[in-house]
Structure formats: C-alpha cells, structure tokens
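*Asks:* Before anything else, here's the structure in question.
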Amino acid sequence: MLQKLDKKERMLLLKFVCAFAWADLEVKASERRFVHRLVKQLALGKDEAQQVEEWLKVPPKPEEVDPNRIPRGHKDLFLDAARRIIAADGEIDAAEKEDLELLEQLLV
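Residues in the sequence shown are numbered from 588 upward in steps of one, following the working numbering.
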C-alpha cells in the first residue's frame with residue numbers, strides 16, 4: 588500500500604506521522620525509530636529524509652497537517668500510521684488519544 592503513494596503523498600504521510608509523534612510534546616526514541624523505518628520503507632531521497640528529520644526536531648505547523656489534504660483513497664493508511672506512531676512508545680496519553688479520535692472523526 589505504501590508503494591501506491593506518490594512523492595507528495597509520502598511526504599504528507601510523514602508530516603502527519605511526525606505531528607502525531609509530537610502530540611505529547613516529546614518525540615521518544617521508539618517513535619524516532621518508527622519514523623526512520625517508515626522513511627526507509629518509503630525509499631525517500633536524501634532531501635526528503637532530511638526534511639523528516641527537521642520535523643522530528645520541530646513539529647510541523649498545525650495548518651500543514653490539515654486532514655482535508657489526505658487523499659480519500661489513502662485515509663485508512665494515514666489512520667493506521669497515526670495509530671502505530673502513538674503506540675510506538677508503549678504509552679498512549681490523553682493528548683495522543685484525543686488527536687487520533689479527532690482525525691478519525693474528520694476522515695469518516
């Protein structure tokens with residue numbers, strides 16, 4: 588399924604994943620590992636991978652992660668990635684849960 592994403596969609600997916608990693612105001616090592624594995628699976632180029640690293644240092648701006656930008660055909664993929672990143676550290680805090688529930692509601 589990841590291979591069906593074009594370059595723009597891959598970067599949008601990673602932007603959302605990084606935003607969810609920041610939901611609890613901290614990106615943990617396990618979340619970084621998850622993002623790095625996803626970058627590898629998506630076979631991103633050097634520049635794109637560098638941009639993802641920046642999102643792990645400073646979260647994407649809220650207006651850049653507008654759920655309306657998620658392609659309809661890929662909403663399940665984006666939701667699955669969001670679920671996986673918030674569970675990556677073994678803890679799902681209230682802010683992460685709230686953000687995920689909001690995304691689910693907006694994508695229905």
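In this text, a Cβ means the ideal position worked out from N, Cα and C, and glycines have one as well.
Cα-Cα, which of Leu-694, Leu-629, Phe-607, Arg-597 is closest to Pro-649?
*Replies:* The shortest Cα separation from Pro-649 among Leu-694, Leu-629, Phe-607, Arg-597 belongs to Phe-607.
*Asks:* Which value, in whole angstroms, describes the spacing of the CA atoms of Met-598 and Glu-635?
*Replies:* So the two alpha carbons sit approximately 7 angstroms from each other.
*Asks:* Give the straight-line distance between the Cα atoms of Leu-693 and Lys-594, rounded to the nearest whole angstrom.
*Replies:* The alpha-carbon atoms of Leu-693 and Lys-594 are separated by roughly 24 angstroms.
*Asks:* Are the Cβ atoms of Val-604 and Ile-657 separated by less than 8 angstroms?
*Replies:* Contact flag unset, no.
*Asks:* Kindly list the residues whose CB is nearer than 7 angstroms to the CB of Ala-702, restricted to its own chain and excluding five residues on each side of it in sequence; keep chain order.
*Replies:* Residue 702 cannot be examined here, being either before or after the span of the chain that is shown, 588 to 695.
*Asks:* Would you grab the beta carbon distance between Val-645 and Lys-602 for me? Rounded to a whole angstrom, and I think it's under 8 angstroms.
*Replies:* Between Lys-602 and Val-645 the Cβ distance is about 12 angstroms, and since that is not below 8 angstroms, they are no contact.
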